[in-house]
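Reading the sequence shown from the start, the letters are residues 31 to 552 in my numbering.
The C-beta atom is built at its ideal place from N, Cα and C for all residues, glycine as well.
These notes concern the structure reproduced below.
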Amino acid sequence: MRLPLLATVSLAATLTAQTPYQGNGVGQAYLRHDVARIGGSLDLHLGSAAAPGGLALLCLSGGLGPSFHPLVGQVGLDLSGLVYAAYVLDGQGDARLLANVPNNPSLAALPPLFGLCAALEGSQVSTSKTTRIAWENPDSWSPGGALGFARGAHTVTAIGGGGNDQETRILVTGGGGGTLLVPQASTNVEVWSALTRSSVAGSPMAVERALHQAIRLPNGRVLVCGGANTAGNVTTHAEIWDPATSTWLPAAPMLSPRVGHAATLLDNGKVLVTGGLANYVNPLGQLIAVLNTAQNTGELYDPAANTWTAVPGTMNSRRSGHAQTLLADGRVLITAGISGGGTSIFGTPIPVYTNTCSIYDPASNAFSATGALTTARAFHGASRLGNGQVLVTGGSVVLQIIGLITATDRCELWNNGAFVGVAALPLAVTNHVQITGSDGAARLIGGLSGSFPNFNGTANVWRHDGTAITARRPLGQNPAFPGAPAAPRGAAGAALLHDGSFALLGGTDGQTPLASGFVFID
């Protein structure tokens, strides 16, 4: 029905000033849903924990606001095309809508709907974040618009915290042009929106960065730490982005300068940072010296105290370009990486890769050794599967005799301290994206193939469950848009979105930084 929004409800509270797409800042209204998969279904929940047994409205429009309503103020929908339906909430303050979506791939070409929930909480009305509800083909890629700045060596961080927090923004920081070995750094920041599939410029960082780390903290803010500037100077500098104000706040500096390091949010709310290089000046002329600054130390950031503390002891190898994987029991598996620099028998400077792995245990605040990989590597994929095992895939390796740096197809599975080889990739890739899907299997996306410095971007997408590999639709393609070219790339940034899809932004085709983005629907 097309009626004035909340025409029968009075508003007794003054609304908090916010962007209208983030709700009105009053109460606990939410709108939570997955992707409207064509040939599948849409599972949607709305309501408020503060209104058990109460009333909520599902409000939908074909356009975004902001619009002004006299009872609610600014609303993140176009009210001229508004329709809504009323729901009586259950004892937990929730209502559910489960709708089948026709099996017609061309539906993906239709414009999306935008929705929010308005819940009556006693004498006040609470409105939720605005979300995008689009008709999407499964195993497909939808256009994600373009960043304003082509970039590699950047970070891509989802702001949302999952559950009822249906935040639709992604923070993109730093990086730029250059090459894999000599990336350009920047202070550039963009905020990408899943609502508009576009980005807007954000407040710049205090220092320029490439090959840095960014981690969403439990309070929704984002910690950005380390990295190198374009001259290769490595920093200890850290800063925090506040999504409520879209501004940067100072943070305590790290204990050691780090670039090419790894970071993980622990279950206790602290951030573990390990390894990385301490110096990145002139890697073309001083590669061995640069790589020999790889570190075997770790440190913890405590957001509550705004402090960094050293992890006692060291890892069993120096590392850069390594991976961290949070285990089901809260420990962190730290795999492989570059441990230093050396020369081939022809005198060519080359990285020295390690196959060693460490475990960080937050209960004891200590590192310990675990089983080694059979293949030493860096810039590989690593993710925890649904069964708790960790799948390590691809990455770069070096052929020691001739000094050739190349991608590998080797995959290994870690289970309680030991690695075993599993199904190899159809094509050797490095610097690819690896994310575990809702079915517990890993998705491997894109990456670079070939040998350095002539790496080439790929558009391959695979599902790897630790035993078998299945090809998926190539990156950039969708049956609703026949003839659309594939979009090969490696070193892209990826982040999970509010509806279970995820955005892939930027990267490189092997030689040139990219600005384009896509959204993958599993």
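Which residues does DSSP pair with residue i in a beta bridge?
{"i": "Glu151", "result": "Gln154"}
{"i": "Gly182", "result": "Gly206"}
{"i": "His410", "result": "Per DSSP, none; premise fails for His410."}
{"i": "Asp195", "result": "Gly192"}
{"i": "Pro213", "result": "Gly208"}
{"i": "Ile200", "result": "Ala188 and Trp222"}
{"i": "Phe397", "result": "Tyr390"}
{"i": "His99", "result": "Gly103"}
{"i": "Asn486", "result": "Ser479"}
{"i": "Asn309", "result": "DSSP, once it has assigned bridges, lists no residue as partnering Asn309."}
{"i": "Phe548", "result": "Pro173 and Leu534"}
{"i": "Ile368", "result": "Tyr383"}
{"i": "Asp439", "result": "Answer is none; Asp439 lacks a bridge partner."}
{"i": "Val420", "result": "Arg414 and Trp444"}
{"i": "Gln325", "result": "Arg349"}
Taking the C-alpha atoms as reference points, what is the distance between residue i and residue j?
{"i": "Val452", "j": "Ile389", "result": "22 Å"}
{"i": "Leu478", "j": "Thr438", "result": "10 Å"}
{"i": "Ala501", "j": "Asp120", "result": "42 Å"}
{"i": "Val219", "j": "Gly205", "result": "9 Å"}
{"i": "Ala406", "j": "Leu443", "result": "14 Å"}
{"i": "Ile465", "j": "Gly207", "result": "25 Å"}
{"i": "Leu302", "j": "Cys387", "result": "16 Å"}
{"i": "Pro287", "j": "Gly372", "result": "22 Å"}
{"i": "Ala86", "j": "His494", "result": "42 Å"}
{"i": "Val202", "j": "Thr185", "result": "6 Å"}
{"i": "Thr46", "j": "Ile245", "result": "Legend: pLDDT at Thr46 = 42, less than 50; position of this residue unreliable, no value from coordinates given."}
{"i": "Gly351", "j": "Gly190", "result": "26 Å"}
{"i": "Ser233", "j": "Pro273", "result": "11 Å"}
{"i": "Asp391", "j": "Gly447", "result": "14 Å"}
{"i": "Ala292", "j": "Gly411", "result": "13 Å"}
{"i": "Gly536", "j": "Ala116", "result": "41 Å"}
{"i": "Ala37", "j": "Trp165", "result": "Legend: pLDDT at Ala37 = 41, less than 50; position of this residue unreliable, no value from coordinates given."}
{"i": "Gly401", "j": "Gly425", "result": "18 Å"}
{"i": "Gly92", "j": "Ser110", "result": "9 Å"}
{"i": "Leu534", "j": "Gln196", "result": "18 Å"}
{"i": "Gly480", "j": "Leu434", "result": "10 Å"}
{"i": "Leu225", "j": "Arg199", "result": "8 Å"}
Any heavy atom of the ligand MG closer than 7 Å to the CB of residue i?
{"i": "Glu166", "result": "Looking at this structure, you won't find the ligand MG or any other ligand, since it has none at all."}
Classify residue i as buried or exposed, calling it buried when 16 or more other Cβ atoms lie within 10 Å of its own Cβ.
{"i": "Asp539", "result": "buried"}
{"i": "Val118", "result": "exposed"}
{"i": "Asn249", "result": "exposed"}
{"i": "Pro50", "result": "buried"}
{"i": "Leu33", "result": "For Leu33, the predicted model reports a pLDDT of 36, less than 50, meaning its position is unreliable; a value from the coordinates is still stated below. When all chains shown are included, Leu33 counts as exposed."}
{"i": "Gln541", "result": "exposed"}
{"i": "Asp297", "result": "exposed"}
{"i": "Gly377", "result": "exposed"}
{"i": "Leu127", "result": "exposed"}
{"i": "Asn259", "result": "buried"}
{"i": "Val65", "result": "buried"}
{"i": "Pro456", "result": "exposed"}
{"i": "Val459", "result": "buried"}
{"i": "Ala59", "result": "buried"}
{"i": "Val230", "result": "exposed"}
{"i": "Pro483", "result": "exposed"}
{"i": "Leu485", "result": "With the sequence shown as reference, residue 485 is identified as Phe, and Leu is not the correct amino acid for it. With 16 or more Cβ atoms within 10 Å of its Cβ, Phe485 is classed as buried."}
Relative to the C-alpha of residue i, which residue among the options is closest?
{"i": "Thr157", "options": "Ala231, Ala81 and Val186", "result": "Ala81"}
{"i": "Ser170", "options": "His75, Ala489 and Asp124", "result": "Ala489"}
{"i": "Ala188", "options": "Asn133, Pro142, Leu253 and Ala129", "result": "Leu253"}
{"i": "Thr265", "options": "Val237, Leu210, Leu317 and Ser426", "result": "Val237"}
{"i": "Gly487", "options": "Ile431, Asn461, Phe376 and Ala498", "result": "Asn461"}
{"i": "Asp73", "options": "Gln507, Pro100, Ala412 and Asp529", "result": "Asp529"}
{"i": "Asn326", "options": "Thr304, Asn312 and Ala399", "result": "Thr304"}
{"i": "Val427", "options": "Ile380, Leu307, Gly447 and Gly401", "result": "Ile380"}
{"i": "Val450", "options": "Arg348, Arg126, Leu403 and Asn484", "result": "Leu403"}
{"i": "Gly103", "options": "Ala59, Gly53 and His63", "result": "Gly53"}
{"i": "Thr161", "options": "Leu421, Ser347, Val105 and Gln354", "result": "Val105"}
{"i": "Ala268", "options": "His242, Ile68, Ile475 and Ser228", "result": "His242"}
{"i": "Gln122", "options": "Ala472, His75 and Ala261", "result": "His75"}
{"i": "Ser153", "options": "Gly57, Asn417 and Ala517", "result": "Gly57"}
{"i": "Gly262", "options": "Met235, Ala308, Thr294 and Asn417", "result": "Ala308"}
{"i": "Gly328", "options": "Leu150, Leu285, Cys255 and Pro173", "result": "Leu285"}
{"i": "Phe239", "options": "Arg181, Thr226 and Arg227", "result": "In the sequence as presented, Phe is not what sits at residue 239; that position holds Arg. Checking every option, the nearest Cα to that of Arg239 belongs to Arg181."}
{"i": "Val212", "options": "Gly178, Val221, Gly257 and Leu247", "result": "Gly257"}
How do the stretch 355-368 and the stretch 269-280 stand: do at least 3 beta-carbon pairs fall below 8 Å, yes or no? no
Does the stretch 456-470 come close enough to the stretch 120-137 to have 3 or more Cβ pairs within less than 8 Å? no
Closer than 8 Å is the cut-off here; do at least three beta carbon pairs connect the stretch 496-511 with the stretch 141-148? no
Does the stretch 311-320 touch the stretch 337-353, meaning 3 or more C-beta pairs lie closer than 8 Å? no
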